[in-house]
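A short write-up of the structure that comes next.
Numbering (our numbering), first residue to last: 39 to 683.
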């Protein structure tokens, strides 16, 4: 069933065209991603579909009865209610039904109602119907659903009574997403839902969206998330939208193949066109060949020659170099406690960074990852513990909040004032590599978008030529293409990296170590993100095995079955089913043998030698079959004893 159709949609802002002839379709249970550069029009298209923005021409068709839920980028829940009470507003129709059910139950408990059979029957009928409707609408599970979603968004029972107005911006954003998920619209539209989510919450959201009953239309710059969730990709590029079937990685592969195919076809057509033009030019003036040349000219004019295929849009181009090399020991952190205003957030932190290490710092929101980085770069004072820096270490710091990019200078001045010895042409050239060209360099820094500030911060970082980069969420405001450029630049970087990121694909490409931060310390894993997950699961299973109570010796079955692996358990189930089946067959053959032996004792058959021979043959065959069943039964029982002993 189609839940959304967009046909020939056009949208412009003043004279600038944003969307042109857009076609898009979403069916029930589809998982659709909108991808494209920052500023391509993805959020604009979502707002138009959600009815929050007008459009110039075209049709948006949403069938009657389809409920649409929309979460815009950076949206936060504003309410004076508590967390739990705000979630319950979604279920007001169910709560009203529940109140009516309680009222009817009170009426049914009144003995006087039985005196009027008609009234009693009416109340019972109404109660039965309402109870059925209440159950069908999820009346007996809405509270458990609410607790499950709130837990997934990291709100726990002790938080339920908290006022929403007392929450941070990131918490209100997560709560807005939780409320939208609980409302279960037929079409769920999400614009950058992964912002402000840590890795644990991201994993939960992926799992939830995979099992979501409705359709999903999503914009995200998290490649790992898109690969896990979506099965259709629409690319927004050059005002148009192109459909690709598959997840994000499949889209990249298909896009590359399409470009190569179109480029070869275009080049072949250009060769044919050049040959025709050359023939016409050489032969049009000759009397003997002029008709042939005129014919070729008509062919040339009639043919619809394809345009050159669109290559990749302009990308940032940069890399990081170092002014001088550091010593082998870059950073040593011992028993560190970090926090604000003498209030500790995390303690017992130990960390070692050596030259050319690529260290990813992970952990839940609020555990102190950014606080640790600010403490290392001396923006905050360590509460306790020791931080030592190696020889010739030069630190370059990228702040996720871009707090230092708030001046009223132009982009050009912001960079030039810090490197005044460079000429204007060099500064403009550097800014051009970060996609600031023409009038863009005259934009005021404080008015830049998140993505523009991120690119300007990276430009300043590149200019520092530091040998130790400390990056706090460097991919937060970057589109997928800019992320890839940054990844490649960091892979080639000859210095040392310490970074915080919730982008699992980014961590996998960059990290050689993962340090997990918790409230009471840190733990190091030597590998990328996938290795970290694998090793963490392995350590968890070992801890569970050690903490499990020892099974008593007088219960051998439980002791054994707790130790056999999944394959053995699967084989055990197969054997038990086969034994059960064999026992049934053996009962059948036993009964058949008894019947045949009884028939052979029948005096009426004694004189019929042919009948006696036939019965004896049947008896012999049945006994042989019974023995085969018995042999197999014995072998399977021996194997079963071996598994469970």
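Note that the Cβ used here is the ideal one computed from N, Cα and C, for glycine as well.
Predicted model only: the values in this text are computed from it and were never measured.
- Annotation for residue 265: the continuous alpha helix (DSSP H) segment containing it runs 261-267.
- Taking the C-beta atoms as reference points, residue 44 is found nearer than 8 angstroms to residue 62.
- DSSP places residue 65 in the strand class (E or B) of the three-state scheme.
- Per the Cβ contact rule, the stretch 107-124 is not in contact with the stretch 136-148 (fewer than 3 Cβ pairs under 8 angstroms).
- In the displayed model, residue 513 falls within coil according to three-state DSSP, outside both helix and strand.
- As summarised for the stretch 76-126, the continuous alpha helix (DSSP H) elements at least 4 residues long and confined to that stretch are 80-87, 121-126, given in chain order.
- In this structure, residue 392 sits near residue 366, with a CB-CB distance shorter than 8 angstroms.
- Assignment of residue 396 by DSSP, reduced to helix, strand and coil, places it in the strand class.
- Between residue 568 and the set 558, 561, 584, 549, the nearest pair of CA atoms involves 549.
- At the C-beta level, residue 371 and residue 360 stay beyond 8 angstroms of one another.
- If you look at residue 425, you'll find it in the beta strand (DSSP E) that goes 422-427.
- Counting along the chain, no alpha helix (DSSP H) covers residue 436; the unbroken beta strand (DSSP E) around it starts and ends at 433-436.
- Around the beta carbon of residue 539, 16 or more other beta carbons sit within 10 angstroms, so the residue counts as buried.
- Residue 528 and residue 513 have their C-alpha atoms some 12 angstroms from each other.
- Taking 8 angstroms as the cut-off, the beta carbon of residue 660 is found no closer than this to the beta carbon of residue 638.
- Within a 10 Å sphere around the beta-carbon of residue 51 sit fewer than 16 other beta-carbons, which makes this residue exposed.
- Excluding sequence positions up to five before and after residue 264, its CB lies within less than 7 angstroms of the CB of 71, 258, 285, 286, all in the same chain and listed in chain order.
- Around the beta-carbon of residue 585, fewer than 16 other beta-carbon atoms lie within 10 Å, marking it exposed.
- In this structure, DSSP gives residue 369 an extended state, which the three-state scheme calls strand.
- Residue pairing of residue 375 in beta bridges, as defined by DSSP: 422.
- When DSSP states are grouped into helix, strand and coil, residue 283 belongs to the strand group.
- Per the coordinates, the alpha-carbon of residue 555 lies some 28 angstroms from the alpha-carbon of residue 491.
- Rounded to the nearest whole angstrom, the CA to CA distance from residue 347 to residue 230 is 30 angstroms.
- Look at residue 229 here: in three-state DSSP terms it is strand.
- For the 8 angstroms CB-CB criterion, residue 675 and residue 631 do not form a contact.
- With respect to the 8 angstroms criterion, residue 504 and residue 433 are classified as neighbours on the basis of their beta carbons.
- In this structure, 636 is the residue among 511, 636, 369 with its C-alpha nearest to the C-alpha of residue 653.
- Considered as a whole, the stretch 162-212 harbours 180-190 as its complete alpha helix (DSSP H) runs of no fewer than 4 residues, in chain order.
- Excluding its 5 nearest sequence neighbours in each direction, residue 165 has C-beta neighbours in its own chain below 6 angstroms: 142, listed in chain order.
- Here the alpha carbon of residue 515 sits roughly 9 angstroms from the alpha carbon of residue 487.
- Residue 468 and residue 497 have their C-alpha atoms spaced approximately 7 angstroms apart.
- The shortest C-alpha to C-alpha distance from residue 681 to any of 438, 671, 607 is the one to 607.
- Straight through space, the alpha carbons of residue 519 and residue 553 are spaced by roughly 27 angstroms.
- For residue 491, there is no enclosing beta strand (DSSP E); the residue is part of the alpha helix (DSSP H) that begins and ends at 488-502.
- Assigned with DSSP and collapsed to three states, residue 627 falls in helix.
- The C-alpha of residue 64 lies about 6 angstroms from the C-alpha of residue 41.
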